[in-house]
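108 is the number of the first residue of the sequence shown in our numbering; add one for each residue after it. Report on the structure given below.
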Amino acid sequence: MVSLLVVAVLAMGSSAGASEQITIETLLSWNATSFQRHLVTVEGVVSAMIALPPTANTRCRVLYGRAAFMIDDETGILPVEILGNCNPNAYDELPQDGDRVRVTGIVEVMSTNPPRQVRIQAMNIHILSPAY
């Protein structure tokens, strides 16, 4: 099992403590705002993976491993954002399309009106089973 730890400085606070395992359907439900800035864990399959180029950063010279993808847990689909870290090898640890992953991250609710817009800002990604 491969694990990617994403170290990020968040401007917003998050709920302290352990993450809550949850379905995407629940995150997209009428009470989506109750999960705003909460730490949650979802499992599903990666699609539409996009690795973004390195960028300058104040914490480290260059921020590597920035990416975005969709996760599908059979109850729904959500976008996941990876902020990256200072490790030049971070791209090697990113998930690929078709990988089954467990993502722990902070919930961001951008719109509560249907269709609700919710995404997860990844803090930790475990590749449970690679696509290959």
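Where is the CB? At the ideal position from N, CA and C, for every residue including glycine. What you are looking at is a predicted structure, and each value in this text was computed from that prediction instead of being measured.
Could you name the residues that DSSP lists as bridge partners for Q128?
-> Q128 is bridged to T148.
Taking the CB atoms as reference points, tell me whether A139 and V210 lie closer together than 8 Å.
-> With respect to V210, A139 sits apart: the two C-beta atoms are not nearer than 8 Å.
Entirely enclosed beta strand (DSSP E) segments - the segment 160-236, minimum 3 residues = 174-179, 184-189, 207-218, 224-236
DSSP three-state assignment for A238, whether helix, strand or coil = coil
Tell me which same chain residues have a C-beta within less than 8 Å of the C-beta of V208, skipping the five on either side of it?
-> E150, G151, V152, V153, I178, P202, I232, H233, I234, L235
Reducing DSSP to helix, strand and coil, say where S136 ends up.
-> coil
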